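> In my numbering, the protein residues as written are 43 to 539. Yeah, the Cβ is synthetic: ideal placement off N, Cα and C, and Gly gets one too. Keep in mind that this is a model prediction, so the values were computed, not measured. Take this structure first; my questions come after.
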Amino acid sequence: MAAQKTRLTLHSQYTVGPVDKRLFGGFVEHLGRCIYGGIYDPQNPLSDKNGFRSDVIAALKELCFTVMRYPGGNFASGYHWQDGVGPQNDRPTLSEPAWQSIETNQFGTDEFMRFCDVIGCSPMLTANLGTGTPQEARQWLEYCNRPAGTLYADKRALNGRQDPYGVTLWCLGNEMDGQWQMGHMPAEHYAIKAHQTAKLMRDICPDVELVACGSSADIMPTYLDWDYSVLKEIDFLVDYISLHCYLDNRGDNTVDFLASPRRIDRQIESVDAVCRMVQAQKKASKRVLLCFDEWNVWYRQTSKAGEWRAAPALLEEIYTLEDALVVAGILNSFIRHADVVKIANLAQAVNVIAPILTGPDILVKQTIFYPFQMYAARRQGISLIPRIEGPDYKSPSYGTVAYIDASAILGDSSLHVFAVNRNPTDTMELEIVLCDKALKQRLNADILTGNDPKAVNSFEQPDTVKAVMLEDVDFKEGKARLNMPPLSLIAVTFEIE
Ligand code: AHR
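In structure tokens, the structure reads:
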């Protein structure tokens, strides 16, 4: 049977907007084995002089994260940053309520900054607006960003770091609409607390970029109302509002799951609509933009019970090929909304719902490692509006969607194209047309695919699902043609005229 056909049409002048490099952010939380036993493991023979696992650092570098969120997550709402600075022997060991674990505080602000430096990304800190105070957030900002000469900046210098770290991005709490959150409160209370915190922080560092907590999910009963109330009160003291989403295949229906990034499209467009409404009501010139600071597939390992152990194995999701294709679909959505989504953080980076899973002397790159790597390597440029013409299907939960889901970024003399074939049985011939310029040749091309949507990588078989070079890309009259097998992701960079 001849392959079905889809045409992807682009034009270099039909743009969405520049792709912010911070769309390719990560997230590390004091949760399970993300920090301890993942990134930081000083006793491990594989660790470097900083106590960082060298193999983990090497794998993280391949993902080219641009920004890293820390220290939570739910953990942030009970975290008092001063517990994690100063001589390590003097730091308290505490019971940690968010994940019912033991926190030794051996890794804290200065270790995190070193970690960011080593992997080459910028830090993004979540202030504690649950059990913490606005004053505490300001003091942490002083510790990180002010030159020596005042109490907390001097503490930083005493702890070995003379120069300020210059942390630009700060989240004002985490998921404060969630009843599971320490210090959970109604929107109006949160808005006042966030407002006070923003004022205190801007007072000492006017240039910081602040992220208000939006609804923690599109399934929350207060979804959008919460965002509206917070934005009304906070009065443009913030630059971004946060969004979180974890997609799932609880219904065990592959094609429906592959359509689920539609949820991300809707969430972005709905929260943006609220931002624009408040902007219009206030007749303001400033537009609050979106920070999607937690996203991934997550539904199998959900227990929060760390049984009061240090670094318990929690949320160690094993990812499949279909999960990887959904991760690609989410990245497509971010790129298509690059005008409004400026920051996004894959949750999380190591062991906890993560692309990298460690054993004592081994690591495995999970299936979701590859889509992130394929996109992050081709992130620079301007997002173009993709027009898809081709067969579609009716997904039970998300309506009619095209089999091919795509996004594109126009770089300097180059075009990056990303496409997912959601068809579980049929190959799709994809024609790529850049209307006003000819595609000359492919500079590089990768493909991720497999026969089994449930295929996984393991310590024993680490390469079952991995990206490989896509060999066959044909060119005719400035257009490109390639075949996409069932359940596949391609990422191609073309040289353009
Ligand atoms: O990423 C895991 C958890 O999911 C985070 O701690 C929390 O913010 C979210 O509910």
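For A259 and K482, what's the separation of their Cα atoms in angstroms?
C-alpha separation (whole angstroms): 43 angstroms.
> Tell me the DSSP secondary structure of K235 in three-state form.
Helix.
> Say whether the segment 380-399 touches the segment 461-480, bearing in mind that this needs 3 or more beta-carbon pairs closer than 8 angstroms, one atom from each stretch.
No, they do not touch.
> Using a C-beta cutoff of 9 angstroms, does G126 count as contacting chain B?
The structure shown contains no chain B; it holds only a single protein chain.
> Runs of 4 residues minimum, wholly inside the segment 80-112: which ones carry the alpha helix (DSSP H) assignment?
Fully enclosed alpha helix (DSSP H) runs of 4 or longer: 96-105.
> Just the Cα atoms here: how many angstroms apart are S449 and D132?
Each residue's alpha carbon lies about 50 angstroms from the other.
> Identify every residue that forms a DSSP beta bridge with K407.
DSSP output for K407 lists I398 as bridge partner(s).
> If you drop the 5 nearest sequence neighbours on each side, which residues of the same chain put their C-beta closer than 6 angstroms to that of T535?
Excluding positions up to five away in sequence, the list reads R420, S456, H458, L485 and N486.
> Sorry if obvious, but does the Cβ on L214 come closer than 8 angstroms to a heavy atom of ligand 1?
It does not: the Cβ of L214 is nowhere closer than 8 angstroms to a heavy atom of ligand 1.
> Straight-line CA distance for L529 to E364?
Rounded to whole angstroms, L529 to E364 spans 8 angstroms at the Cα level.
> In the structure shown, what three-state DSSP assignment does E364 receive?
DSSP places E364 in helix when its eight states are reduced to three.
> Of all the options D267, Q55, A444 and S425, which has the alpha carbon lying nearest to the alpha carbon of D434?
Considering only alpha carbons, the answer is A444.
> From the DSSP secondary-structure annotation, give me the bridge partner or partners of I489.
I489 pairs with V510 and I532.
> Helix or strand or just coil, what does DSSP make of W212?
Here W212 sits in strand by DSSP.
> Applying the 10 Å Cβ sphere with the 16-neighbour rule, what's the burial state of W222?
Exposed.
> Inspect the CB distances between the segment 198-205 and the segment 228-243 and report whether three or more fall short of 8 angstroms.
These segments do not touch.
> What do you get for P129, buried or exposed, if any count of 16 or more other CB atoms within 10 angstroms of its CB means buried?
It is exposed - the Cβ of P129 has fewer than 16 other Cβ atoms within 10 Å.
> For my contact list, I81 and V109 are in at a C-beta cut-off of 8 angstroms; report their separation, rounded to the angstrom.
The pair is not a contact, with the Cβ atoms about 16 angstroms apart (cut-off 8 angstroms).
> With which residues is N338 paired in a DSSP beta bridge?
Paired residues: Y288.
> Hey, out of H122, R305 and N187, whose CA is closest to T146's CA?
Cα-wise, what sits closest to T146 is H122.
> Taking just the CA atoms, how far does F411 sit from G68?
Going by the C-alpha atoms only, they are around 12 angstroms apart.
> Please work out which residues of its chain come closer than 6 angstroms, Cβ to Cβ, to L211, disregarding the five sequence neighbours upstream and downstream, and give them in chain order.
Counting only Cβ-Cβ distances below 6 angstroms, and skipping sequence neighbours, we find M166 and E251.
> Could you tell me how far apart the beta carbons of S302 and Y440 are, in whole angstroms, since I believe they sit closer than 8 angstroms?
That pair is a contact at about 6 angstroms.
> For the beta strand (DSSP E) that contains S143, what are its first and last residues?
Start and end: S143 to E145.
> Decide if the segment 364-379 is in contact with the segment 153-164; the criterion is three or more beta carbon pairs, one per stretch, under 8 angstroms apart.
These segments do not touch.
> Could you check if V313 is buried or exposed, using at least 16 other CB atoms within 10 Å of its CB as the buried criterion?
By the neighbour-count rule (16 or more Cβ atoms within 10 Å), V313 is buried.
> Between L332 and P413, how many whole angstroms is the CB-CB distance? I'm expecting something under 8 angstroms.
The Cβ separation is near 21 angstroms, so there is no contact.
> Go to A472, then tell me how far its alpha helix (DSSP H) extends in each direction, as first and last residue.
Just to set this straight, residue 472 is Leu in the shown sequence, not Ala. Here L472 belongs to no alpha helix (DSSP H); instead the beta strand (DSSP E) covers M470 to L476.
> Are there 16 or more other CB atoms within 10 angstroms of the CB of K325, so buried, or fewer, so exposed?
It counts as exposed.
> Quick one: using the 10 Å Cβ neighbour count with 16 as the cut-off for buried, is C76 buried or exposed?
Its Cβ being crowded by 16 or more others within 10 Å, C76 is buried.
> Quick one: does the C-beta of G401 sit closer than 8 angstroms to a heavy atom of ligand 1?
No.
> Let me confirm a value: W350 is counted as buried when at least 16 other C-beta atoms fall within 10 Å, else exposed. Which label applies?
Exposed, by the Cβ-count rule.
> Would you say the beta carbon of H286 is closer than 8 angstroms to some non-hydrogen atom of ligand 1?
Result yes, Cβ under 8 angstroms from ligand 1.
> Count the other CB atoms, across all protein chains shown, that sit within 10 Å of the CB of V510; report buried if there are 16 or more and exposed otherwise.
Result: exposed.
> Taking 8 angstroms as the cut-off, is the C-beta of I395 nearer than that to any heavy atom in ligand 1?
Yes, since a heavy atom of ligand 1 falls inside the 8 angstroms radius drawn around the Cβ of I395.
> Should N116 be counted as a contact of ligand 1 given a C-beta to heavy atom distance under 8 angstroms?
True, at least one ligand heavy atom lies under 8 angstroms from that Cβ.
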